[in-house]
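Chemist: Sequential numbering of the sequence shown, starting at 1037, is according to my numbering.
Backbone N, C-alpha and C define an ideal beta-carbon position, used for all residues, glycine too.
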Amino acid sequence: MSAGVPTEFIPPGPQSFDTPPIIDGVDWFTKPVLIAALSVVVIIWFYWGASRKAAVVPSKLQFAGELGYNFVRNSMARDAIGSQEYMKYVPYLCGLFYFILLNNVAATIPLLQFPTFSHIGWAYVAAVMSWVIYNFVGIKKKGLWGYFKHQTMPAGVPIWLMPLMIPIEFISNILVRPISLSLRLFANMFAGHILLLVFVTGGEYMVLHSGSIAIGGVGIITWLMALAIGGLELFVQCIQAYIFVVLTAQYIGSAISDEH
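1) Around the Cβ of E1205, are there at least 16 other Cβ atoms within 10 angstroms (buried) or fewer (exposed)?
2) Between which residues of its own chain and L1129 is the CB-CB distance below 7 Å, once the five residues before and five after are set aside?
3) Considering Cα atoms alone, identify which of L1217, I1257, S1166, P1056 is closest to Y1125.
4) First and last residue of the alpha helix (DSSP H) that includes A1073?
5) With N1140 as the anchor, note down where its alpha helix (DSSP H) starts and where it stops.
6) Is the separation between the beta-carbon of T1258 and that of P1048 shorter than 7 Å?
7) Rounded to the nearest angstrom, what separates A1262 and M1123 at their Cα positions?
8) Note down, in chain order, each residue of its chain lying with its Cβ closer than 8 Å to the Cβ of T1144, except the 5 sequence neighbours on either side.
9) In this structure, does DSSP put W1064 in helix, strand or coil?
10) Measuring alpha carbon to alpha carbon, tell me which residue in V1141, D1063, N1106 is nearest N1224.
11) If I measure Cβ to Cβ from M1198 and keep anything under 8 Å in the same chain, skipping five residues before and after, which residues do I get?
12) Whole angstroms are fine: how far does the CA of K1089 sit from the CA of S1052?
13) Grouping DSSP H, G and I as helix and E and B as strand, with all else coil, what is P1094?
14) For T1055, which of helix, strand or coil comes out of DSSP?
Structure (structure tokens):
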């Protein structure tokens, strides 16, 4: 180590996402669990408050609740599912969207500053829930064989191509979808947060521990860049919640549609 550099910079990595228990002896109660619980409380409180005194002339809270609900209903459920049955799926899609959104945005909230879905297990659970729902409603409507045929035998494909198409369609429509849903969400949350950590901790090292005024100036610039990256990350957090729920709605629509 060169003279004048008192400490060594340790770059952030997967170890940065290891969250110790908040309460000693309660190993499961970590920051992601706390953030997830808080997000559920906030969602319940918000929509309970927005709907408990519903009026023709809405209050500000009721207006905000209706705006949030209508966004999911019209822009996701109705447009993606595209049938008269879409309303029955709106409660799930609405809860799923705001749960993912709040847990993503928690990465930019002071003191919390952690995206729950940067832990792959949370993304897997969300994806598996959607996978179970869209397969269940498809099987319920079409029957097991009818649904299997709907998902694996594209209309208009010659019979002699079916031995090739069936396994491809099965893997694509049945097996890959939950994996792609979870990995897309996880990868964006993980990569965005670790990039932000690189700029923040790197800037801190250059400013406080480099021993050089010039490098310290670069560290300040790095911090300013971190602010810009934080804004971009907030945008990505919102977009990923939207994409996850839109794809879930599309999968539901595909499962119950009459055409493949």
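Modeler: So, from the listed chains and residues:
1) buried
2) V1108, M1112, A1113, V1281, T1284, A1285
3) S1166
4) 1067-1087
5) 1126-1141
6) no
7) 41 Å
8) Exclusion of the five residues before and after T1144 leaves G1266, E1269, L1270, Q1273 as the residues of its chain whose Cβ lies within less than 8 Å of its Cβ.
9) coil
10) V1141
11) For M1198, where only same-chain residues beyond five positions count, the Cβ hits under 8 Å are M1189.
12) 44 Å
13) Coil at P1094, not helix or strand.
14) coil
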